[in-house]
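The numbers in numbering that gives the first Met the number 0 rise by one with no breaks, and the one at position 127 of the sequence shown is 126.
Yeah, the Cβ is synthetic: ideal placement off N, Cα and C, and Gly gets one too.
Keep in mind it's a predicted model, so treat the numbers as computed, not measured.
Structure, as structure tokens:
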Amino acid sequence: MDENLKVEVVHADQLSSQQVAEIHALCNRAYKEDLEPLFRTFTDTTHVLGWWDSAIVSHAMWVTRWLQPGDQPPLRTAYVEMVATEPKFQGRGFATAVMRRLARVIHDFPLGGLSPAETTLYEKLGWVFWLRPLFIRTPDGFLSTPEESVMILRLPRTPHLDLTLPLSAEWREGELW
């Protein structure tokens, strides 16, 4: 990782409108799609920003979700979204630095979770796949999501987990996982 990268953690209410616009633009470039509608569905977000000089070049954020293994109590989960690095800065370890910082600051959560588009980064940082079926809890019951995959990060407060149990999350607008 380049030592000129500065990483900071910022709650959404501390971001300026210009910084929010920069984050959205960065994610749009990295994912090659307009993510503005999806960003509007996230509430109470905390962002990990990678700065190169005065520009945001890498980003990750989390929202609180409640993941429930089988019929065990739901676990308050730091659910990671929008991991992105400016395309011209990719391959320099910036996303690794951002995700390492994120893992350190979510230590009070019982669990970290994410639905990966690509897995190499997360696997090298200790994230593991949930092995069994995934469901979304809706007012009408459980919605099976067999096409989805979820990775978890065990944290200091993570209880013993049986990764072969079904895993469910609450329904949300936008992307279910």
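Identity of the residues DSSP links to residue i by a beta bridge
{"i": "Met60", "result": "His46 and Glu80"}
{"i": "Phe141", "result": "Arg136"}
{"i": "Gln67", "result": "Ser167"}
{"i": "Glu7", "result": "Leu48"}
{"i": "Gly112", "result": "Tyr78 and Ile151"}
{"i": "Ile55", "result": "Trp50"}
{"i": "Phe128", "result": "Met150"}
Cβ neighbour criterion (16 or more within 10 Å) applied to residue i
{"i": "Leu206", "result": "A query on residue 206 cannot be resolved here, the shown segment of the chain reaching from 0 to 176 and no further."}
{"i": "Ala83", "result": "buried"}
{"i": "Ala96", "result": "buried"}
{"i": "Ala116", "result": "exposed"}
{"i": "Val149", "result": "buried"}
{"i": "Ala54", "result": "exposed"}
Nearest-angstrom beta carbon gap, residue j and residue i [assumed within contact, 8 Å]
{"i": "His58", "j": "Phe38", "result": "That pair is no contact at about 11 Å."}
{"i": "Arg100", "j": "Tyr78", "result": "At roughly 17 Å, the Cβ-Cβ gap does not stay under 8 Å, so Arg100 and Tyr78 are not in contact."}
{"i": "Phe134", "j": "Pro165", "result": "6 Å"}
{"i": "Pro45", "j": "Ala11", "result": "According to the sequence shown, residue 45 is Thr rather than Pro. Their Cβ separation, rounded to whole angstroms, is 7 Å, which keeps Thr45 and Ala11 in contact under 8 Å."}
{"i": "Pro72", "j": "Asp161", "result": "About 14 Å separates the two Cβ atoms, so there is no contact after all."}
{"i": "Arg136", "j": "Ser167", "result": "5 Å"}
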